[in-house]
Amino acid sequence: MATKVLMVCLGNICRSPLAEGILQSKVDSDAVIVDSAGTAGYHIGSKPDSRSIAVGLKYNIDISQQCCRKFSVQDFKEFDFIYVMDYSNYDNVIALAQNDKEKAKVKLILDEVDSGLNEVPDPYYDDDGFENVFHLIDVACNSIADKLNAN
Ligand code: 4NP
8 MATKVLMVCL
18 GNICRSPLAE
28 GILQSKVDSD
38 AVIVDSAGTA
48 GYHIGSKPDS
58 RSIAVGLKYN
68 IDISQQCCRK
78 FSVQDFKEFD
88 FIYVMDYSNY
98 DNVIALAQND
108 KEKAKVKLIL
118 DEVDSGLNEV
128 PDPYYDDDGF
138 ENVFHLIDVA
148 CNSIADKLNA
158 N
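Residue 65 in the working numbering is what sits at position 58 of the sequence shown, and the numbering runs on without skipping anything.
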């Protein structure tokens, strides 16, 4: 059975769509299914932010067909690993978990690497932040993909 990984941020239009696209590009799509969601519902049904689409395309990652959705409690059952971008996302997701098994699925994505940072900064109000966000997520996804591809 495929391993299922969910990437989570606040809006599901900037960071987690990039994380979905980047990780999916590094794994065998028969073995690993990647999705993303937001803890807030502001942008449900929207495409990713144009600045995320642009930085993705710069590195040959096409996220333009993704569609924003909100995180749901059912995601704890569906997914094996849930990676969040920052502490606020972490608190929001953990607050919805019903037991320790569900809580144990949730991790900060930058905990997968020794980057010296714990959070992927929210780039929504920072046009220049998208390049940095791409690289932080890319390095973390190298580490996640290495583990998944070793299975
Ligand atoms: P994201 O960024 O959580 O990386 O998708 C944001 C997107 C939208 C908003 C905030 C953050 N917003 O307030 O609409």
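Ideal Cβ positions, reconstructed from N, Cα and C, are used throughout, including at glycine.
> Less than 9 Å separating the beta-carbons of Gln-73 and Ser-43?
Replying inline: Taking 9 Å as the Cβ cut-off, Gln-73 and Ser-43 qualify as a contacting pair.
> Using a C-beta cutoff of 9 Å, does Val-15 count as contacting chain B?
Replying inline: Of the protein chains in this structure there is only one, and it is not chain B.
> Which residue from Asp-87, Glu-27 and Lys-114 puts its Cα closest to that of Ile-60?
Replying inline: Answer by Cα proximity: Glu-27.
>> I need the DSSP call for Ile-88, collapsed to helix, strand or coil.
In response: Sequence check: residue 88 is Phe here, not Ile. Note: Phe-88 maps to strand in three-state DSSP.
> Helix, strand or coil: which one does DSSP assign to Leu-124?
Replying inline: coil
>> I want to check one thing, is the minimum distance from the CB of Met-92 to the heavy atoms of the ligand 4NP below 8 Å?
In response: With a threshold of 8 Å, the Cβ atom of Met-92 counts as near the ligand 4NP, since some heavy atom of the ligand is closer than that.
> Considering only the beta carbon of each residue, do Asn-99 and Thr-46 sit closer than 9 Å?
Replying inline: yes
> Less than 9 Å separating the beta-carbons of Val-34 and Ala-152?
Replying inline: Cβ atoms of Val-34 and Ala-152: closer than 9 Å.
> What are the residues that DSSP puts in a beta bridge with Val-171?
Replying inline: The question about residue 171 has no answer, for the chain in this structure spans 8 to 158.
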